[in-house]
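In my numbering, the protein residues as written are 4 to 117.
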């Protein structure tokens, strides 16, 4: 239907508008204000620097996992173990930080090891 870069952008905008429309219909069906809901989502996620930092804390691991999956998918493979890899990475990082907690190594070196 759409070709090229402009078509891709238009398709993404159409999908976004469709998603907002569907969510609005669901909210109206349960007698809730879509505007109030979207305002709460916006102020709850980027309403202050602290809230924005919390969003980034949750976003960065997802971004790293996605980057790893891009490599896997572009190779034509399927990876179903991403959640386990994230958990194992968290456990290993915690272990490394606990082992080197009393170390005299610089903090940057310990973080690099983790």
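Don't be surprised by glycine CBs; every beta carbon is placed ideally from N, CA and C.
query: Rounded to whole angstroms, what is the Cα-Cα separation between residue 39 and residue 114?; result: 42 Å
query: Could you spell out where the alpha helix (DSSP H) holding residue 108 opens and where it closes?; result: It is not in any alpha helix (DSSP H) - residue 108 carries neither H nor E in the DSSP assignment.
query: Below 7 Å CB to CB, which residues in the same chain sit around residue 24 once its five sequence neighbours on both sides are set aside?; result: none
query: If you run the structure through DSSP and keep just helix, strand and coil, what is residue 12?; result: helix
query: List the endpoints of the continuous alpha helix (DSSP H) containing residue 66.; result: 52–77
query: Looking at residue 63: is its Cβ nearer than 7 Å to the Cβ of residue 55?; result: no
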